[in-house]
């Protein structure tokens, strides 16, 4: 082959290579561009899905937060009610304790008065007995007031002198055969006295 023909062939192949390279480059750029666009679109679709999912989760979270706010408000009201109830109960307990102290003082005072009253009643009973004994001595000269058989703690029961502590036992054992009345009660006893006795 002649040198000129070879050079001509090489130049032709070089031109064709340049044309093919440009063509391939253009095709590659287009492919890259189209591929990148589809990738961007794919990413955009994924982002849209993520945004929709986020919005849905945000809506759910907002509802839960509202529910928590209502529950917190309810618990806050319950706590306030409990604190108020505790305050009222403490005040009531303090009032009851104060009333209890007052009642204790009144009880002690009444107990003391009762003991005094019991002592006074016993003393009046003894005084009444001694007064009756003195009158019996006055009207019946044979009565000895210092005799040990006269005891203020004894009484007559069916013709017998019985201690008052044993009187209830005696009453339970013995029942009157007639009307159930003690024949020696005060209303059956009649004291015969002289008219206009002389008092020295």
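Numbering (full-length UniProt numbering), first residue to last: 1 to 200.
Glycine included, each C-beta is placed from N, C-alpha and C at the ideal position.
Buried versus exposed call for residue i [16 or more other C-beta atoms within 10 Å across all chains shown]
i, result
"residue 13", "exposed"
"residue 157", "buried"
"residue 175", "For residue 175, the predicted structure reports a pLDDT of 46, less than 50, and the residue's modelled location is therefore unreliable. The matter cannot be settled from this model."
Cβ-Cβ distance between residue i and residue j below 8 Å
i, j, result
"residue 153", "residue 144", "no"
"residue 151", "residue 162", "no"
Cα-Cα separation, residue i to residue j
i, j, result
"residue 27", "residue 67", "59 Å"
"residue 112", "residue 80", "48 Å"
"residue 45", "residue 56", "17 Å"
"residue 142", "residue 133", "12 Å"
"residue 17", "residue 25", "12 Å"
"residue 7", "residue 15", "12 Å"
"residue 146", "residue 109", "39 Å"
"residue 11", "residue 29", "26 Å"
"residue 100", "residue 85", "22 Å"
"residue 49", "residue 41", "12 Å"
"residue 199", "residue 121", "Low confidence applies to residue 199: its pLDDT is 41, below 50, so where it sits in the model is not reliable enough to give any reading."
"residue 51", "residue 61", "15 Å"
"residue 23", "residue 9", "21 Å"
"residue 64", "residue 72", "12 Å"
"residue 70", "residue 76", "10 Å"
"residue 119", "residue 128", "14 Å"
"residue 19", "residue 59", "59 Å"
"residue 82", "residue 102", "30 Å"
"residue 78", "residue 97", "28 Å"
"residue 203", "residue 107", "Residue coverage of the chain in this structure runs from 1 to 200, which leaves residue 203 outside it and unanswerable."
"residue 21", "residue 47", "38 Å"
"residue 87", "residue 105", "27 Å"
"residue 94", "residue 74", "30 Å"
Same chain, Cβ closer than 6 Å to residue i, five either side skipped, listed in chain order
i, result
"residue 123", "none"
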